[in-house]
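**Student:** In this note's numbering, the protein residues as written are 1 to 216.
There's a structure below that I have some questions on.
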């Protein structure tokens, strides 16, 4: 039984990954690296620094700290300029009920301004703790993001449930020793096989969450 629910943001709470991916595609094209949306979906969950390093490594290049910061700022700028995102239907109403019985937290790989903007717009006054990709030294798949959320919540690992949609996010949760369920929003379910349970879509996920009994 659980007393804490920890959610990834992009692809779990908010249908935002196409917008993120398009911003990354444009950002990398400006420095001569051609990628696709799927390249970003496959490494979803990594923080912005991690995405830049992974894409540069794949291209056989290295990015110094100054360039990394420049690309972070540019990607964020493009995301906000073309922001076309929405919350998943039914999620806000459900979480508004669940918060009476569970601790609720968000652990995202996105930068702080993006996470705060999405939570303010779609999930005001829902979450006790929000961890952004900029709040940790090691992003997903490292366990640090989820361990940090647990530490701030002041709860035990065995009482936490993680809800993810990305391979790196599932790996992060499992590397932290947490029970993790997943919904394959932008990737094949096969890539989420480390999850303890996989749902076909958000309707199944919402039903599962609504049936949860809180730890007494």
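Idealized CB from N, CA, C, for every residue including glycine.
These numbers were taken from a predicted model, which means no experiment stands behind them.
Counting beta carbon pairs with one atom in the region 110 to 126 and one in the region 38 to 46, are three or more of them shorter than 8 Å?
**Tutor:** Not touching, per the Cβ criterion.
**Student:** Helix, strand or coil: which one does DSSP assign to residue 101?
**Tutor:** Correct three-state label for residue 101: coil.
**Student:** On the premise that residue 9 lies in contact with residue 108, defined as a C-beta separation below 8 Å, what is that separation, rounded to the nearest angstrom?
**Tutor:** Between residue 9 and residue 108 the Cβ distance is about 4 Å, and since that is below 8 Å, they are a contact.
**Student:** Give the C-beta separation of residue 20 and residue 79 to the nearest angstrom, bearing in mind that I take them to be a contact with Cβ-Cβ under 8 Å.
**Tutor:** With 8 Å as the limit, residue 20 and residue 79 qualify as a contact, their Cβ atoms being about 6 Å apart.
**Student:** Kindly give me the distance between the Cβ atoms of residue 192 and residue 162, rounded to whole angstroms, as I take these residues to be in contact under 8 Å.
**Tutor:** Not a contact, Cβ separation roughly 12 Å.
**Student:** Could you tell me the boundaries of the beta strand (DSSP E) in which residue 179 lies?
**Tutor:** First-last of the beta strand (DSSP E) with residue 179: 179 to 182.
**Student:** Nearest to residue 22 by CA position, among 38, 180, 110, 166, is which residue?
**Tutor:** When only C-alpha atoms are compared, the closest one is 38.
**Student:** According to DSSP, is residue 214 helix, strand or coil?
**Tutor:** Note: residue 214 maps to strand in three-state DSSP.
**Student:** Would you kindly report the start and end of the unbroken alpha helix (DSSP H) that includes residue 128?
**Tutor:** First-last for residue 128: undefined, no H or E at that position.
**Student:** Going by beta-carbon coordinates alone, are residue 11 and residue 139 separated by less than 8 Å?
**Tutor:** Cβ atoms of residue 11 and residue 139: not closer than 8 Å.
**Student:** By a C-beta neighbour count over all protein chains shown, 10 Å radius and 16 as the cutoff for buried, is residue 105 buried or exposed?
**Tutor:** When all chains shown are included, residue 105 counts as buried.
**Student:** Which residues in the same chain as residue 40 place their Cβ atom closer than 6 Å to its Cβ, once the five residues preceding and following it in sequence are excluded?
**Tutor:** Counting only Cβ-Cβ distances below 6 Å, and skipping sequence neighbours, we find 21, 24.
**Student:** In terms of alpha-carbon separation, which member of 201, 125, 215 lies closest to residue 158?
**Tutor:** The option with the nearest alpha carbon to residue 158 is 215.
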